[in-house]
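Engineer: The structure follows.
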Amino acid sequence: MGSKLEEVISKYEKKLNSSPGDSVLEYLNEGESFLIDTSDYLLRVTKRNGRAEVALVEIPVP
Numbered sequence: 199m200g201s202k203l204e205e206v207i208s209k210y211e212k213k214l215n216s217s218p219g220d221s222v223l224e225y226l227n228e229g230e231s232f233l234i235d236t237s238d239y240l241l242r243v244t245k246r247n248g249r250a251e252v253a254l255v256e257i258p259v260p
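Our numbering applies: residue 199 is where the sequence shown begins, and numbers increase by one.
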C-alpha cells in the first residue's frame with residue numbers, strides 16, 4: 199500500500215469517526231458498508247465496533 203493511499207484512508211477514517219461522521223455511521227448497521235469512488239481509488243467503508251473502517255477495493259484486471 200503506497201503512502202498516498204495510506205494518507206487517503208487515514209483522512210477518511212478520521213473524518214468518518216469524528217463528530218460530523220457520526221451522522222453517516224448512525225444509519226449503518228454493524229457490518230454494513232458502502233463505497234466511495236474517488237478519482238483515484240474505490241474505497242469500502244464498513245462499520246465495525248461502532249467505528250468506520252476504510253479499505254481499498256481492488257478490482258482485478260484480466
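A virtual CB, placed ideally from N, CA and C, is assigned to each residue, including glycine.
Could you tell me which of Y225, L223, V252 sits nearest to D235, measuring between CA atoms?
Structural biologist: Among Y225, L223, V252, the Cα nearest to that of D235 is on V252.
Engineer: With DSSP as the reference, label D188 as helix, strand or coil.
Structural biologist: Missing from the structure shown is residue 188; the chain here goes from 199 to 260 and no further.
Engineer: I want to know whether the stretch 228-243 touches the stretch 204-213 - three or more CB-CB distances under 8 Å.
Structural biologist: Yes, they touch.
Engineer: Start and end of the alpha helix (DSSP H) containing S316?
Structural biologist: The question about residue 316 has no answer here: the residues shown for the chain are numbered 199 through 260.
Engineer: Taking the straight line between their C-alpha atoms, what separation do you get for E224 and V259?
Structural biologist: So the alpha carbons of these two residues sit roughly 35 Å apart.
Engineer: One question on the structure: do L241 and L226 come within less than 8 Å of each other, judged by their Cβ atoms?
Structural biologist: Their beta carbons are not under 8 Å apart, which means L241 does not touch L226 by this criterion.
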